[in-house]
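Here the protein sequences line up with chains A and B, keeping their order. Residue numbering for the first sequence follows the working numbering, beginning at 12 and increasing consecutively. Residue numbering for the second sequence follows the working numbering, beginning at 10 and increasing consecutively. All C-beta atoms, glycine included, are put in the ideal place defined by N, C-alpha and C. Note that the structure is a prediction, hence the values are computed from the model and not measured.
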Amino acid sequence: MKAQDIIRRAGRNLSQAKVRTLLTSLAIAVGAFTITLALAAGTGGRAYTNAMVEQSGDSLSLNVYPKYEAQAEAASGLEEYGVEKQESTSGMKVLKQKDATELKALEGVQTVSPMYSIDVTYVTRGEGFKKYIAPVTTKADRTAMILAAGSLNDNMVDRGGAIVPKSYLESLGFTDPQAAIGQTIILSIPRYDSAGLPTGESKELSLKIAAVDQKGDTALYYQEMIRVSPEDSEAMAQYQRGPEKADQFYGLVVLAKKGTDIKALQESIKAKGYDVYSLQDMREALLQMINVAQWALVAFGALAIFTSIFGIINTQYISVLERTQQIGLMKALGMRSRDIGRLFRYEAAWVGFLGGLLGTILAVLVTLANPLITSALKLEEGTRLLIVDPLPSILLILLLMAISVASGYFPSRKAAKLDPIEALRTE
Amino acid sequence: MIEVKNVTKTYGKKQNSFLALDDINFVIPDGASVAILGKSGSGKSTLMHAMSGLDRPEKGQVIVDGEDILQLKTKQVDTFRAEKIGFIFQSFFVQANESVSDNVSLPLEIAGVPQRIRSKKIRAALESVDLIDKIGNKAKNLSGGQKQRLAVARAIVNEPRIIFADEPTGNLDSVTGQKVEDMLFGYNKENGVTLIIVTHDPELAAKCDIQINIKDGKIDSIV
């Protein structure tokens with residue numbers, strides 16, 4: 012018998028037992044629905060993570076620190092009284108200009124800026140204005156910022172400029188962000204001696220407000236600080252600690268040229284004996300979490316499908332029993348046992364197909380609720396956390412069809428082996 | 010021509026063995042209408058099963074058009090039944106939930122006839138049994154007589170050489186039964202198709218060219 016005729020007969024047989032077919036395929040649909048949604052959440056979650064990480068930092072920058080060596084292992088047993096402790100060689104080391112030079116020579120490196128921590132006594136708008144205490148840091152990399160006013164040069168602030176958080180404006184006496192742009196802000200920097208103690212001297216650095224920034228919804232973290240350029244930062248550090256001490260920093264920011272393979276650069280810096288951290292590390296950690304969650308959900312879906320297998324086997328056996336006479340007739344008319352088996356296997360395949368299709372369609376319908384989910388989680392508008400990929404869905408449906416056919420194997424064998432004379436005997 | 014030689018069929022084993030057919034011999038010429046007449050349990054159905062290849066007797070030959078079907082492989086016997094034989098049963102065995110057309114189509118599909126040729130043959134068969142107006146109906150909506158006529162249409166749609174009818178009018182009233190009988194004999198005479206009717210009704214048997222009486226697995230007489 013031709014395959015297409017068998018397929019059509021199989022479909023007709025199923026449509027003649029609509030309720031039973033629906034119930035069996037619903038069991039599969041539950042599994043298909045769960046797996047499709049799990050994969051959709053994974054796809055959407057990964058896309059969201061990538062977008063969010065991109066926004067939260069500069070993907071072309073690496074933070075380089077001296078290699079941290081763990082303290083020498085404490086000797087086991089009791090500590091002896093009165094014996095001088097050995098100087099530990101552990102603790103934070105510092106990086107120097109020579110390290111910066113070494114890294115600048117690496118391929119793909121655009122700039123290397125030292126991380127300084129600058130102490131600022133106060134900030135003020137000038138004579139007649141109040142003085143305030145505010146943290147000041149370097150805008151060392153090209154992390155995108157959400158600006159309420161003003162502009163930046165490739166997400167960096169130029170020498171002589173400052174980025175002030177919106178929340179500081181009121182205290183500084185600005186009515187709105189636009190009014191602050193171009194205005195003067197003065198930082199007072201104390202001088203330290205070689206022991207690190209203040210000498211009493213101080214210098215004022217005058218900067219113009221280049222931009223006003225604010226917290227965004229998607230940034231992973233946000234710190235309110237006044238940000239200055241790496242050049243001004245270096246100048247301030249030189250004054251504050253003297254040139255000698257200024258040549259000691261706790262870290263370096265390496266900015267890579269566009270198109271550089273960040274991972275390779277990270278590895279080559281590590282190989283030179285530094286600790287390197289990049290945005291990618293965080294991204295990878297987040298992606299891993301999402302993947303674990305996704306596969307856990309997929310496992311639940313697979314469990315549902317495993318359970319539905321028993322339903323298919325049962326339904327098929329009952330079907331064979333019910334249709335004993337029909338099978339006997341077909342065999343009497345010359346239908347080969349092999350084709351009888353194929354008939355029942357195609358019916359099982361149909362059930363798998365219907366279940367998979369139904370589950371997938373329901374999952375796609377759920378993704379229509381993306382806008383609701385986005386607003387409920389207070390994410391950026393337009394974010395889609397559930398994204399159904401067509402190719403995995405098609406593969407899933409094919410897989411479910413295969414599982415259904417495998418489940419129907421024994422019942423279809425039974426049908427194929429029926430003796431036509433016995434089958435046609437009526438009670 | 011159908012030749013049955015030394016056919017013997019035993020059911021069961023050793024002490025429980027039952028001799029259903031005991032050394033049956035006869036010859037049926039092409040185009041004849043034959044009645045296999047016997048009481049219940051006489052072995053008439055077993056004989057039909059053996060002649061149509063549904064069952065294999067352990068001894069003997071069934072030679073149809075020069076070929077012993079008992080020597081053929083299963084696949085070839087299946088093909089033989091699909092192409093050369095039509096069946097009609099006492100209980101009709103129409104598929105109730107399928108349409109009339111799909112019911113008649115079954116033997117054609119089994120024989121691998123392509124779809125475009127099928128519709129013509131189905132219509133022709135339904136016309137000859139006077140059921141063409143019911144072509145779209147579901148089989149379960151037909152009366153008993155209509156169901157048997159549907160079975161006849163199914164039996165003839167593949168233009169078989171032999172038609173086996175097992176108690177064709179057993180479940181029908183006399184009027185409807187008469188119609189079906191006329192249809193069968195008419196088809197037999199017009200197309201030269203060998204008609205073999207298994208029955209316990211002597212009146213029906215008398216209408217056939219040849220009457221094989223069977224009793225306790227043995228041929229009693231041939232008329």
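DSSP bridge partner residues for residue i (one or two, in chain order)
i: A/P439; result: Here chain A comprises residues numbered 12 to 438, so residue 439 of chain A is not present and cannot be evaluated.
i: B/F173; result: B/F96, B/I205
i: A/K142; result: A/T135
i: B/F35; result: B/V13
i: B/Q220; result: B/A44
i: A/A155; result: In DSSP, A/A155 forms no bridge with anything.
Cutoff 8 Å: residue i Cβ touching any chain A Cβ
i: B/E107; result: yes
i: B/L115; result: yes
i: B/H58; result: yes
i: B/G121; result: yes
i: B/N146; result: no
i: B/E168; result: no
i: B/E176; result: no
i: B/F35; result: no
With 16 other Cβ atoms within 10 Å as the buried cut-off, status of residue i
i: A/R436; result: exposed
i: A/Q189; result: exposed
i: B/M242; result: Because chain B here runs from 10 to 232, residue 242 of chain B falls outside it and cannot be looked at.
i: A/V362; result: buried
i: A/P401; result: exposed
i: A/K78; result: exposed
i: A/S240; result: buried
i: B/F96; result: buried
i: B/R163; result: buried
i: A/D187; result: exposed
i: A/L397; result: buried
i: A/S162; result: exposed
i: A/S386; result: exposed
i: B/G47; result: buried
i: A/F317; result: exposed
i: B/T203; result: buried
i: A/R349; result: exposed
i: A/A267; result: buried
i: A/V105; result: exposed
Chain-ordered chain B contacts of residue i [CB-CB under 7 Å]
i: A/R347; result: K84, D87
i: A/L340; result: F102
i: A/D16; result: E118
Neighbour flag for residue i against chain B, beta carbons, 8 Å
i: A/M12; result: yes
i: A/G22; result: no
i: A/I432; result: yes
i: A/L354; result: no
i: A/L344; result: yes
i: A/Q27; result: yes
i: A/T35; result: no
8 Å Cβ cut-off: residues of chain B touching residue i
i: A/Q305; result: The contacting residues do not exist; A/Q305 stays about 44 Å from chain B at best.
Contacts of residue i in chain A (Cβ-Cβ under 9 Å)
i: B/F27; result: Simply none; closest approach about 15 Å.
i: B/F194; result: The contacting residues do not exist; B/F194 stays about 23 Å from chain A at best.
Under 8 Å by beta carbon: chain A residues contacting residue i
i: B/R90; result: A343, L344, G345
Contacts that residue i makes with chain A (C-beta to C-beta distance below 7 Å)
i: B/D64; result: I432
Under 9 Å by beta carbon: chain B residues contacting residue i
i: A/Q327; result: Ordered by position in chain B, no residue passes the 9 Å Cβ test against A/Q327, which lies about 18 Å from the chain.
i: A/Q337; result: F102, Q104
Chain E contact for residue i (CB, 8 Å cutoff)
i: B/I72; result: In the displayed structure, chain E is absent; the protein chains listed are A and B.
Heavy atom of the ligand GDP within 7 Å of residue i beta-carbon
i: A/T326; result: Among the components of this structure there are no ligands whatsoever, and the ligand GDP is therefore not found.
Start-end ranges of the alpha helix (DSSP H) lying completely within the stretch 400-436 of chain A, minimum 4 residues: The DSSP assignment places complete alpha helix (DSSP H) segments of no fewer than 4 residues inside the stretch 400-436 of chain A at 401-418, 420-427, 431-435, in order along the chain.
Completely contained alpha helix (DSSP H) runs for the stretch 320-370 of chain A, where each covers 4 or more residues: Taking 4 residues as the shortest admissible run, the stretch 320-370 of chain A contains the following complete alpha helix (DSSP H) segments, listed from N- to C-terminal end: 335-343.
Beta strand (DSSP E) runs wholly inside the stretch 90-153 of chain B, at least 3 long, in chain order: DSSP runs (the beta strand (DSSP E)) wholly in the stretch 90-153 of chain B: 94-97.
Every unbroken alpha helix (DSSP H) within the stretch 38-81 of chain B, with a cutoff of 4 residues, ordered by chain: You should have 53-61.
Start-end ranges of the beta strand (DSSP E) lying completely within the stretch 23-82 of chain A, minimum 3 residues: The stretch 23-82 of chain A contains these whole beta strand (DSSP E) runs: 72-77.
Within the stretch 184-261 of chain A, ranges of the beta strand (DSSP E) (whole runs, at least 3 residues): Fully enclosed beta strand (DSSP E) runs of 3 or longer: 195-203, 209-225, 237-239.
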